[in-house]
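Asks: Got a structure for you, questions after.
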Amino acid sequence: MSEPLLRLYPGPPTPVALAGAYLAHGLHRADAAKPVVYSNFIASLDGRIALVEPGTRRHRVPAAIANPRDWRLFQELAAQAHVLITSARYLRDLAQGQAQDHLPVSTRAPYADLLDWRKAQGLASQPAVAVVSASLDLPVPAGLDLHQRAFYVVTGEGADPERVDALERLGLRVLFAGNGRRVEGRRLVDALVEQGYYSLCAVAGPQLLYTLVSAGVLDRLYLTHAHRLLGGSEYDSILEGPALDPSADLRLTSLYYDAHAPGGTGQIFGAYECRAGEGGSGR
């Protein structure tokens, strides 16, 4: 993965190394006065981030767009996080051996530099994890590294108290961030900030992103466009929920062209800021 990217914006066009391209964004420096909430997706040119497998009905990132160069930048975003926000689906997939990978930061050799980088920045060895769930129907896989990082479950105040007790007995801390059973975006962020986490990286799917965007608490979106068309009648796009009114408006902050994606088709790495008052947090 030594081939460089071409930074298109801000200009002028300049070759830059893939490794370190997103570390330079300094997301880990967020503090209590100005926390940052961000998320990352890879999509095809026709907007597919996941396709539904006919046999299992699982939503999977298509192999046609998943690639190690995008995965490197995803790991860099996760490496800057104080906490990763994920969904109950991830724990279910992990328990059944269907997860795309263990939660970042990866301990595999190609990403060892990111673990060293976290240590050099004075960060915990791994980001904390916050699992958002309304039902609290959560398997706790045997391989879950509860002793290597802090784990939280975030739910609504109307959650089943017996399930809350059961999770706490397993060593998970339960936070409440919503009326009823569902989690509300702003209360989710506030609850995690109260725990001392200021760089919040959402690594779940389109429903969680909608929760954050509709509450006006998403600050940055990182979106890779792989130059392939996938089609398919059952798929996910990056956002799932009712129409946003007003819209959430974003401003491009950086754009990289990668000519070295698998298959030679190329891909674009874009980073966007949500505009305050139009979908962004304004914090």
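Letter by letter, the sequence shown follows residues 46 to 328 of our numbering. Beta carbons are placed, not taken as given, at the ideal position from N, Cα and C, and that holds for glycine.
Out of curiosity, what's the CA-to-CA distance linking G56 and T269?
Replies: Straight-line Cα distance between these residues: approximately 19 angstroms.
Asks: Apart from the five residues on each side of it in sequence, which residues of its chain come closer than 8 angstroms, Cβ to Cβ, to P99?
Replies: Correct list: empty, nothing qualifies.
Asks: What residue from A64, A288 and I94 has the CA that sits closest to S278's CA?
Replies: Measuring from the Cα of S278, the nearest candidate turns out to be I94.
Asks: Use the C-beta contact count for S178: other C-beta atoms within 10 angstroms, 16 or more gives buried, fewer gives exposed.
Replies: By the 10 Å Cβ count, S178 comes out buried.
Asks: Give a yes or no on whether the C-beta atoms belonging to I110 and I87 are separated by under 7 angstroms.
Replies: It is a contact, given that the beta carbons lie within the stated cut-off.
Asks: Mapping DSSP to helix, strand and coil, what is T310?
Replies: DSSP places T310 in coil when its eight states are reduced to three.
Asks: Go ahead and label R296 buried or exposed: buried means 16 or more other beta carbons lie within 10 angstroms of its beta carbon, across all protein chains shown.
Replies: Classification for R296: exposed.
Asks: Quick one: grab the DSSP three-state call for L122.
Replies: Here L122 sits in helix by DSSP.
Asks: Mapping DSSP to helix, strand and coil, what is E38?
Replies: Given that the chain is displayed from residue 46 to residue 328, the structure contains no residue 38 and the question cannot be resolved.
Asks: What is the rounded straight-line gap between the Cα of L237 and the Cα of L72?
Replies: Roughly 16 angstroms between the two C-alpha positions.
Asks: What do you get for A288, buried or exposed, if any count of 16 or more other CB atoms within 10 angstroms of its CB means buried?
Replies: Its Cβ having fewer than 16 others within 10 Å, A288 is exposed.
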